[in-house]
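Residue numbers (the working numbering): 3 to 94.
All residues carry an ideal CB built from backbone N, CA and C; glycine is no exception.
Have a look at the structure below, then the notes.
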């Protein structure tokens, strides 16, 4: 049963990522950063929608580490974008 839930989790994440690629390509906005952000949002949604009620399987205990890593990369992307927008005289 745990394998079936894990497989459902992976399939949901892959479907979200494939949909993100298709939509971004259709809008001609496909960039690695935007794809990563949409994939992270999808990952967080899938994690919440597939969360078990009573007992957490062993494989789900590693998910907070993936979320932390994803949020760190997201923070890096945001800081980089802000630095691109700011005029050069603002930065020391």
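Would you mind stating whether residue i and residue j have Cβ atoms separated by less than 8 Å?
i	j	result
residue 71	residue 48	no
residue 79	residue 39	yes
residue 76	residue 42	yes
How far does the alpha helix (DSSP H) with residue i in it extend, from its first residue to its last?
i	result
residue 82	65 to 87
Go ahead and label residue i buried or exposed: buried means 16 or more other beta carbons lie within 10 angstroms of its beta carbon, across all protein chains shown.
i	result
residue 56	exposed
residue 22	buried
**Prompt:** What are the uninterrupted segments assigned as alpha helix (DSSP H) that are 4 or more residues long and contained completely in the stretch 31 to 58, given in chain order?
**Reply:** 34 to 51
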